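**Student:** After the structure tokens below, expect a handful of questions from me.
In my numbering, the protein residues as written are 12 to 1206.
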């Protein structure tokens, strides 16, 4: 059946023309089924839906995919030809066809070669109704050949001459993209003087010295294979000539005065002119006898290239390029001919016909030259195709008459000329189908009164069914001018009225059958704005409101949107949108504009606008801001059982806008005189719908609020007593907790007065033992909040519920909660208590949990009691102080921190519930190992002498084990607080004092003292002490012993009169001189010579050494410090020591000693500052005064 448009002879308004066109297109496009169900049921010849391009260049490194997809009913099968002959894909292992598709996949990546599959391919899709064919698909693999090697000679060019650097890229498929770069892969700059031609060559209109370079490189990019080939670098050397001769333009390309160019219709036309000359010529384009086409003409490459897109035959003609500079011009004329590959004028379209109907297939194409039209039937030239008596070919038309079902076939129209071809498939599908209605049954249509109503009746049938419409179940057929019947079955009611509402029946019938469908129409009232916003003039900082009161159909839900100047309202809290108004607070100049109210429903939309003009406020006296006056004239309306509407009139806002109203209520029945918060509304609202509770005697009052504060409450409204009702809710926070082992105390939070909903509030308390098939036990109690159930088993779970009731009935069924009867003390103690000592201060205790039945309550955890029995080191008992650690929950282990080392402990474990603790487990004894001791209790240093100190100490307060020794460490401290070598002494544990001998005189020592067990050393205690320098000068430091002064005096006289002492002092002076010389030449360790430091260390000013001006020794550099001689050095530059300086210094020390030379030469030892057996380190050079050390240093 060829669809025919049979419109009623009725004028249709222009506004409906587009609708009619759409409906007509749907009727004529019956080859595309209207729904999926129909598609599955109707037979249809094959249609090619997807195919590869005619000229298909493939990547030789990837699999070749040749697409061919088709649809049809039944689904078509596929076959291929290659180079005009059948292509048997089953014989080629590299070729597969996708399932349910004709697409070929040629496996190149698994051993195949793309070159072996070059050729012309064509796909055929076939089913019982015909065969469709694809275009001829030419498969060619892309090629990116290498550049031919060539010897490139350097280009030597005179300044001002023209130059062409030829690229001559390899021939690729498709042709490559050409660009010029240097060795650094930077594009070479181009300009009016230097540019690349369409053939890829680089043209210089005139060369300049800066063009000299050796890396002009032409690159060819083959996009299909993503490869880039590089030509060998070209060298250009420009030699200068002064002055440069000016030249008039000469065309470098194209050559001659004329040329021709052929381009195909629809392509891009590119014409090029590049000229040489000095100065650089400028190019201009014209078309002889016409104008360059507007909107399609572009100039590129510094106007050297003329580009015209989408060319047509009208663009044929002569195009002249003119190159001009100050010396003249040159021109070239390009004769352009536009040819055309075939293009469609009328492509054949599918036909769906009924048996016995007539139809035509028209195939009209144009081109230059005019294309030849040929027809095929099911892929075979129609001249040799099976004959069909219903078919007649007349040039570009096939005429069908009285077709039958066997006339179904797919016809191909081929239009070709020397520039290409077009191939189109169009089927003729002869169907005999009874009517089908595709519109959903009982579909509901809703329209606004006085607007058109379109009721669909989409149908299909062959022959084309006739459509009739009825209104109502038994209504008569619809006729008359008030209806329009469209060919696609749609019924149009141009002006629907309220009485148009109803059920409409569509009937479709042809010679093969009849079918009907019902749809429903509802006509709604139009939405109207009955009070529109009005023009307003408002003073700056004032308040303005626009009203938008609407009337709408009660079944439609409207939404109101406000716009300012056709845009959304500013995001500003000053703009308040109410139910039917817009309020702007504190108006500013930027609020000036047009405000629009838009009302939308699902069916219609209306709008109204008004202009707001903001003007400056006149000068006014100082504004007094205050709280608003209370609202007044409260009124209750719309009284219902559970709601009421309250309205009021606002009081004076006192120059500060009201931001909100607070509504409060009083319950005169249950709590007279007490006002409660009810709700609050914005300051622009003066009515509110209030939710009420039953059995409450309500009074309301309103409080206004602005930025200054709250107003006084309004006068109360009239009272409104709501009717009684069953309670809406039950008590909350229901719990069941026993207070004794044999009871259950049920508690709850009672309902408040207004929650009772009526008189006679009571509670029904129900309980039963959980997991036991007992019936509920219930009791009704007065308005209390507790009930005690006696005689219960100890700690068993109960299901509990409490339900409210009053004189009118019960509240809803309450939810159940789980409670427990009273707890009792646990019955058994934890067993298998084990202790694992981790270290001397930490232990871990384990126990087995007690059976839950013996807990007889909520298991809260376990308590571990532990206490120290005695210290293993002292064997002394003391007051027992028990410690307790609680471990929550069902834990079976815990850590005991803070234990004392080397001690004996006991512990036991008890289970805890809400009632208390259970019996204790048997005491478990454990011992902690030794630890490191605490620091000694004290360290005192007494009796300082020249070379000794007496140390006394007390044993550690906490030995934490068996002491095995004490460790004493000490080291000297010099005047710069630097620490000397550390000496360590181990002392037996039974000692409590010692005398430390052989120390340096007048030296500060720091002592570190700690005790030690077999585990290790404990923390140390530190002290500092100083040895004395002169026993005769000790009065201010330490009290001398009785008779000491006399003994020291006698020793002074005896030593001073000895000859050996005088000789010894002379030898010392000589050795000091020798040592000073050696110190400046060479030093073993180069330590500081500490004479001056020793002198500075004396506390008595009478024995201080002389200053630099008095000839004292300076400091000498140390090998550890590598410091230069200090400024105070008295050493001459020739590294000799002046004798008088040395003598003066020695005499000075001699007087300072005041006769303290001992018989064992202790003075010399003190002066040297070292013990004889100590290793040499630090201030080693201080031993120089010793004769033996001085000789060692010298050697």
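For glycine and all other residues, C-beta sits at the position ideal for the given N, C-alpha and C.
Nothing here was measured: the structure is a model prediction, and the numbers come from that model.
#1: Go ahead and label residue 898 buried or exposed: buried means 16 or more other beta carbons lie within 10 angstroms of its beta carbon, across all protein chains shown.
#2: What three-state label does DSSP hand residue 51 in the structure shown?
#3: Report yes if the CB atom of residue 176 is closer than 8 Å to the CB atom of residue 243, and no otherwise.
#4: Where residue 542 and residue 477 are concerned, what is the direct C-alpha to C-alpha distance, given to the nearest angstrom?
#5: How would you label residue 711, buried or exposed, when you count the other beta carbons within 10 angstroms and need 16 or more for buried?
#6: So what does DSSP say about residue 424, is it helix, strand or coil?
#7: Excluding sequence positions up to five away, which residues of its chain have a Cβ less than 8 Å from the Cβ of residue 880?
#8: Sorted by chain position, which residues of the same chain lie with C-beta nearer than 7 Å to residue 650's C-beta, five sequence neighbours on each side aside?
#9: Under 8 Å by Cβ, that's how I've got residue 471 and residue 444 pegged, so tell me the actual separation to the nearest angstrom.
#10: State the beta-bridge partners of residue 857 as determined by DSSP.
#11: Using DSSP's beta-bridge definition, name the partner residues of residue 979.
#12: Using the Cα positions of residue 446 and residue 481, report the straight-line distance between them to the nearest angstrom.
#13: Which of the three DSSP states is assigned to residue 326 in this structure?
#14: To which residues of the same chain is residue 440 closer than 8 Å at the C-beta, ignoring the five residues directly before and after it?
#15: Residue 950: which of 930, 989, 978 and 87 sits nearest, CA to CA?
#16: Anyone know if the C-beta pair for residue 723 and residue 641 falls short of 8 Å?
#17: Report the three-state DSSP secondary structure of residue 307 (helix, strand or coil).
#18: In whole angstroms, what separates the C-alpha of residue 294 from that of residue 221?
#19: May I ask you to report which of helix, strand or coil DSSP gives residue 447?
#20: Take the Cβ of residue 1021 as the centre, count every other Cβ of all protein chains shown within 10 Å, and call the residue buried at 16 or more, exposed below.
#21: Shortest alpha-carbon distance to residue 125 belongs to which of 105, 136, 144 and 112?
#22: In this structure, how does DSSP classify residue 341 when only helix, strand and coil are distinguished?
#23: For residue 180, does the count of other Cβ atoms within 10 angstroms reach 16, so buried, or fall short, so exposed?
#24: Express the C-alpha separation of residue 991 and residue 1079 in angstroms, rounding to a whole number.
#25: Run through DSSP, which three-state label would residue 545 get?
#26: Just mark residue 1040 as buried or exposed, buried being the case when its beta carbon has 16 or more other beta carbons within 10 Å.
#27: Rank 337, 349 and 81 by C-alpha distance to the C-alpha of residue 109 and give the top, closest one.
#28: Give a yes or no on whether the C-beta atoms belonging to residue 351 and residue 276 are separated by under 8 Å.
#29: Please classify residue 636 as buried or exposed, where buried requires at least 16 neighbouring CB atoms within 10 angstroms.
#30: Please return the same chain residues whose Cβ sits closer than 7 Å to the Cβ of residue 767, not counting the five positions on each side in sequence.
#31: Per DSSP, which one or two residues make a beta bridge with residue 167?
#32: How is residue 127 classed by DSSP in three states: helix, strand or coil?
#33: Can you give the Cα-Cα distance for residue 842 and residue 852, rounded to whole angstroms?
#34: Measuring alpha carbon to alpha carbon, tell me which residue in 373, 215 and 190 is nearest residue 230.
#35: If contacts are defined as beta-carbon pairs under 8 Å, then residue 414 and residue 366 qualify, I think. What distance do you get, rounded to the angstrom?
**Tutor:** Walking through what the data contain:
#1: The residue is buried, with at least 16 neighbouring Cβ atoms inside 10 Å.
#2: Assignment of residue 51 by DSSP, reduced to helix, strand and coil, places it in the helix class.
#3: Result no, Cβ atoms of residue 176 and residue 243 do not sit closer than 8 Å.
#4: Roughly 50 Å separates the two Cα atoms.
#5: Within a 10 Å sphere around the beta-carbon of residue 711 sit 16 or more other beta-carbons, which makes this residue buried.
#6: Here residue 424 sits in strand by DSSP.
#7: In the same chain as residue 880, and ignoring 5 residues on each side of it, the C-beta atoms closer than 8 Å to its own belong to 888, 891, 914, 915, 916, 917 and 936, in chain order.
#8: If we look at residue 650 and ignore the five residues flanking it on each side, its Cβ neighbours are 731.
#9: 7 Å between Cβ atoms; contact.
#10: Within the DSSP bridge table, the entry for residue 857 names 845 and 904 as partners.
#11: Partner(s): 996 and 1020.
#12: Roughly 17 Å separates the two Cα atoms.
#13: For residue 326, the secondary structure class from DSSP, reduced to helix, strand or coil, is helix.
#14: Around residue 440: 42, 54, 55, 56, 140, 361, 362, 363, 364 and 419.
#15: Checking every option, the nearest Cα to that of residue 950 belongs to 978.
#16: Yes.
#17: Annotated three-state conformation of residue 307 is coil, per DSSP.
#18: C-alpha separation (whole angstroms): 24 Å.
#19: The three-state secondary structure of residue 447, taken from DSSP, is strand.
#20: Around the CB of residue 1021, 16 or more other CB atoms lie within 10 Å, so the residue is classed as buried.
#21: Checked all of 105, 136, 144 and 112; the closest Cα to residue 125 is 105.
#22: If DSSP states are grouped into helix, strand and coil, residue 341 belongs with the strands.
#23: With 16 or more other Cβ atoms within 10 Å, it is buried.
#24: As the crow flies, the alpha-carbon of residue 1079 is around 26 Å from that of residue 991.
#25: Residue 545: coil per DSSP, three-state reduction.
#26: Residue environment for residue 1040: buried (at least 16 other C-beta atoms within 10 angstroms of its C-beta).
#27: Closest option to residue 109, Cα to Cα, is 81.
#28: Going by C-beta atoms, residue 351 is nearer than 8 Å to residue 276.
#29: Result: exposed.
#30: In the same chain as residue 767, and ignoring 5 residues on each side of it, the C-beta atoms closer than 7 Å to its own belong to 706, 738 and 817, in chain order.
#31: According to DSSP, residue 167 bridges with 248.
#32: In the structure shown, residue 127 sits in a helix (DSSP, three-state: H, G or I).
#33: In this structure, the alpha-carbon of residue 842 lies about 25 Å from that of residue 852.
#34: Looking from the CA of residue 230, the closest CA among 373, 215 and 190 belongs to 190.
#35: Your pair residue 414 and residue 366 checks out as a contact, with CB atoms roughly 7 Å apart and the cut at 8 Å.
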